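Here the sequence shown stands for residues 14 to 307, where the numbers follow our numbering. Just so you know, even glycine gets a beta-carbon here, dropped at the ideal spot from N, CA and C. Keep in mind it's a predicted model, so treat the numbers as computed, not measured. Note sheet for the following structure.
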Amino acid sequence: MLPAIVIEKLPRLVRAIRHLAQTASPDEAAGLADELAGITAMVAEKFTNDRTAEGIQRALLLSVGGMSLGLEYLMEDETDDEVGDKAAASLLISEGAELVFQQGFRLVRELAALPEDSLVGEFDTDPVYAQRRLKELFVDLCTADPGETWSGYERYQAQLKQRKSVQAIVRAAQWLRRHHYEGAVQDPDLNAEGVIALAIVFGIEGAGRIVARTNHREFEALVKTVRKRKPDFEAGWAKLLENIPAPHHVVIAERIALYRNSDILRDIAGSTPMKQLFVELENFAGSELDAEYP
14 MLPAIVIEKL PRLVRAIRHL AQTASPDEAA GLADELAGIT AMVAEKFTND RTAEGIQRAL
74 LLSVGGMSLG LEYLMEDETD DEVGDKAAAS LLISEGAELV FQQGFRLVRE LAALPEDSLV
134 GEFDTDPVYA QRRLKELFVD LCTADPGETW SGYERYQAQL KQRKSVQAIV RAAQWLRRHH
194 YEGAVQDPDL NAEGVIALAI VFGIEGAGRI VARTNHREFE ALVKTVRKRK PDFEAGWAKL
254 LENIPAPHHV VIAERIALYR NSDILRDIAG STPMKQLFVE LENFAGSELD AEYP
């Protein structure tokens, strides 16, 4: 079997600079070099250590990556790399390096503002933590050696897709909390998957009410109702979805499909002892339970 062919893909800034001789006059090229030096100095001051050679070197790598991230985004419609590289060189001359760098940094800042996972706590909105998270993400995505293959933009796109998916889950859970049948749940800590799981478990009763937080007594009542009346789970979920705005339907429907054949739903309808059921619910909903089973 032949080994995979490794295609070198240098940072977009480096590839664009290679075309400057065709797109820029000597004065324009010199002006761009000054801009790049200024951006590197700014990055060194804010993100590394501008008093050491190592800090300046790290700032250079971050500047190359930040500029390349901005160029990749701005050249996203160019499917031909060669054409895109030439267009990137022209853009640098016509619009300036600072605009490109700011575009790259904006992408990182917006990405850092999206949730990484569905467990949300007070620290996620803490300004100090947010600044540290932004810096770590900037370093992770934008460290680009000018002479080596760089995949920062591809990793940015993958993270953006993943975080937007998490954001949809968090927003669905937040909506469920605001519309909890007993009144909005105000707890600053959020287990989004747990909230959605509870809503789906209680949805099987068919009442259409939104349950985003529960306790053992309420769960016992649900189990007794299900075992006595034997409701149609699918009809219950359909009624639940009727009470949820369309933007959250995909998330809830995906979780219904995931949990449809879960042990806990089968055991609720069966004869599993209540204490064991509540242990299963704890594993299912986590911190969204108000109290432990006595």
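Which residues bound the alpha helix (DSSP H) around residue i?
i: THR86; result: Looking at the sequence itself, residue 86 is Tyr, so the reference to Thr does not match. It spans 66 to 87 - the alpha helix (DSSP H) in which TYR86 sits, taken as one unbroken run.
i: LEU49; result: 39 to 60
i: LEU120; result: 110 to 125
i: PRO140; result: 140 to 155
i: ASP280; result: 276 to 282
i: TYR169; result: 165 to 191
i: GLU255; result: 246 to 255
i: GLN35; result: 33 to 36
i: GLU218; result: Premise fails: GLU218 is in no alpha helix (DSSP H) and is neither H nor E.
i: THR92; result: Unbroken run through THR92: none, as it is neither H nor E.
i: VAL264; result: 262 to 272
i: GLU301; result: Note, GLU301: premise wrong, no alpha helix (DSSP H); not H, not E.
i: GLU231; result: 229 to 242
Secondary structure at residue i, three-state DSSP: helix, strand or coil?
i: LEU23; result: coil
i: VAL224; result: coil
i: PRO307; result: With a pLDDT of 47 at PRO307, under the threshold of 50, the modelled position of this residue cannot be trusted, and the question is left open.
i: VAL133; result: strand
i: ASN204; result: strand
i: MET287; result: helix
So, under 8 Å CB-CB, residue i and residue j are touching, yes? Tell me the CB distance rounded to an integer number of Å.
i: ALA50; j: ALA72; result: Incorrect: roughly 11 Å between the Cβ atoms, too far for contact.
i: PHE151; j: VAL179; result: Incorrect: roughly 20 Å between the Cβ atoms, too far for contact.
i: LEU33; j: ALA42; result: 5 Å
Can we count residue i as close to the ligand FMN, meaning its CB is less than 7 Å from some heavy atom?
i: ASP130; result: In the structure on display, the ligand FMN does not appear, and there are no ligands present to speak of.
Verify whether the separation of the beta carbon atoms of residue i and residue j is less than 8 Å.
i: MET80; j: GLY117; result: yes
i: PHE114; j: GLY165; result: no
i: ILE209; j: ILE265; result: yes
i: ILE277; j: LEU302; result: no
i: LEU127; j: LYS177; result: yes
i: GLU111; j: ILE52; result: yes
Between the segment 183 to 200 and the segment 159 to 169, are three or more C-beta pairs nearer than 8 Å?
no
Cβ contact check for the segment 226 to 238 and the segment 247 to 264: 3 or more pairs under 8 Å
no
With three or more C-beta pairs closer than 8 Å as the rule, is the segment 96 to 106 touching the segment 127 to 141?
no
Taking 8 Å as the threshold, find out whether the segment 199 to 214 comes into contact with the segment 58 to 68 through three or more Cβ pairs.
no
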